[in-house]
Structure formats: C-alpha cells, structure tokens
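With numbering that gives the first Met the number 0 applied, the sequence shown covers 0 to 183.
Structure, as structure tokens:
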Amino acid sequence: MSSFYRSKYRSIEISVGPAYWPVLGWTALLAFAQTVVVPLFAFRGAVPSLVTIAVVLYASRAGARRGALLGLPAGLLEDVFAGTGGGWTLATTVVGLLAGGFSRRMFADGAFVPAVLCGLAVLVRDLIFWATMRLEGFPPGFAVAHLHASLWRALLTALIAFVWLVVRGRLVSDKTTIQRYGYD
C-alpha cells in the first residue's frame, strides 16, 4: 500500500478561517504598497513589512500549509516589484511555514503576542533574504547597516501589527477556529 494513502496521515485538519483568495488579493495590494508607497515614509532607513504582517497573521490563524501557500505568491510579488532574485519568495514562504507552526502552540486572538511574532518574523525573513542574496553573489560589506535596518524594520512592523490588531479587535468580531482530529 502506498504511503500516500489517506489513512496513513496522522491527523486531518479542518480549518475554518479567513478565505484564501481575498487574503491573497489584499496581500498583493500590500506588496505593491510596501514597495511603492511606504518607502516614502521610511524611518531610519527602515520600511515596515506589511507583507510579513499579512502572512504571519494569516498563517497563525490558518496553519502552516496555508501560511506557506500565501507566503509563496506574496514573496514572489515582492521579488517582482523590488527586482530581486528570489530571496523574498524563499524567505516569505519559510516565514509562513514557521508562523503557521507556532499557531499550534500559541493563542493568536490577542494583540501583543501576534505583533511580537510579526517582529520576530521580520528578523527571520531578513536573515533568510540576505543569506540568499549572499549566495547569489551580493557583497557582504554592508552587513551591519542591513542588521541595523532589520532591527528597526522589526520594531516598526511589530508596532504596526499591534495597532492593526487592536483596531481590528475593536471593529471585527469574526474568529477563526482550527479543529484537529486524530492528532496524538
């Protein structure tokens, strides 16, 4: 019997949460805004990562697989808009997987913990991006400057995510539930 047979799966995940296609559309708009409009308001050379907020919050509600499925096209759009060679695609997909993995171990209905997770995700995402760029031949001469910008970007992203979550929590009442059956 094949290992791909359905009864071999350890768990079956039923996810009732945000629909994928509207979130992908909003994420595409955020990717465009992040690369075109938001850099006009850069603070200390850092631009908050709106795409990371969207991917992390979606992945924390919908799980790792669906988070990666959003991270892949979101990162691809960032690579297209920014003209980079695939670093954002890889980094955003991995961040979607990691944030979705944390969704099993955290309570994502608050504002503070998901906002901190967004800030940490920016650091991981930038680390993966710059490692990928280094493999593609980018010179390492400005590593300290990029680290400084990443720290500011993480702080700005966490603050924007926190404000978004507080405002959204006051205005929207829909909640996401993930039910897992047969998971030991």
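No residue lacks a Cβ here, since even glycine has one placed at the ideal position from N, Cα and C.
Close-in-space but distant-in-sequence residues of the same chain around residue i (CB under 6 Å, 5 per side omitted)
i	result
MET0	The predicted position of MET0 is uncertain, since its pLDDT is 47 and thus under 50; a value taken from the coordinates is nonetheless stated next. Excluding positions up to five away in sequence, the list is empty.
VAL218	The requested residue 218 is not part of the displayed model; the chain covers only 0 to 183.
Pick from the options that is closest to residue i, judged by C-alpha positions
i	options	result
GLY84	THR131, ARG65, ALA18 and LEU39	THR131
GLY95	GLY118, ARG65 and LEU164	ARG65
GLY24	VAL115, GLY70 and ALA63	GLY70
ALA142	ARG152, ALA153, LEU126 and THR156	LEU126
ALA98	VAL112, SER48 and VAL55	VAL55
THR34	VAL171, VAL22 and LEU49	LEU49
THR92	GLY118, LEU116 and ALA63	ALA63
ASP192	VAL171, LEU119, GLY136 and ALA18	Because the chain is modelled from 0 through 183, residue 192 falls outside the range shown and cannot be assessed.
VAL22	LEU116, PHE80, GLY44 and LEU68	LEU68
LEU155	ARG167, ARG133 and LEU119	LEU119
VAL166	TYR19, PHE101, PHE40 and ALA110	ALA110
LEU164	ALA81, PHE42, ILE52 and ALA32	ILE52
ILE159	ARG124, VAL115, ARG169 and PRO139	VAL115
Where residue i falls: helix, strand or coil (DSSP)
i	result
PHE137	coil
MET0	Unreliable placement is indicated for MET0, whose pLDDT of 47 sits below 50; no coordinate value is reported for it.
ALA157	helix
ALA81	helix
ALA184	One cannot answer for residue 184 here, as it falls past the ends of the chain, which runs 0 to 183.
ALA18	coil
ALA110	coil
ALA27	helix
N-terminal and C-terminal residue of the alpha helix (DSSP H) that residue i is part of
i	result
ALA90	86-101
Nonlocal neighbours in the same chain, by C-beta distance under 8 Å from residue i, ignoring five residues either side
i	result
ALA78	Looking at the sequence itself, residue 78 is Asp, so the reference to Ala does not match. Within the same chain, ASP78 has close Cβ partners GLY84, GLY85, GLY86, TRP87 and THR88.
Same chain only: Cβ atoms within 7 Å of residue i, ignoring 5 sequence neighbours per side
i	result
LEU76	ALA27 and ALA30
TRP129	HIS145
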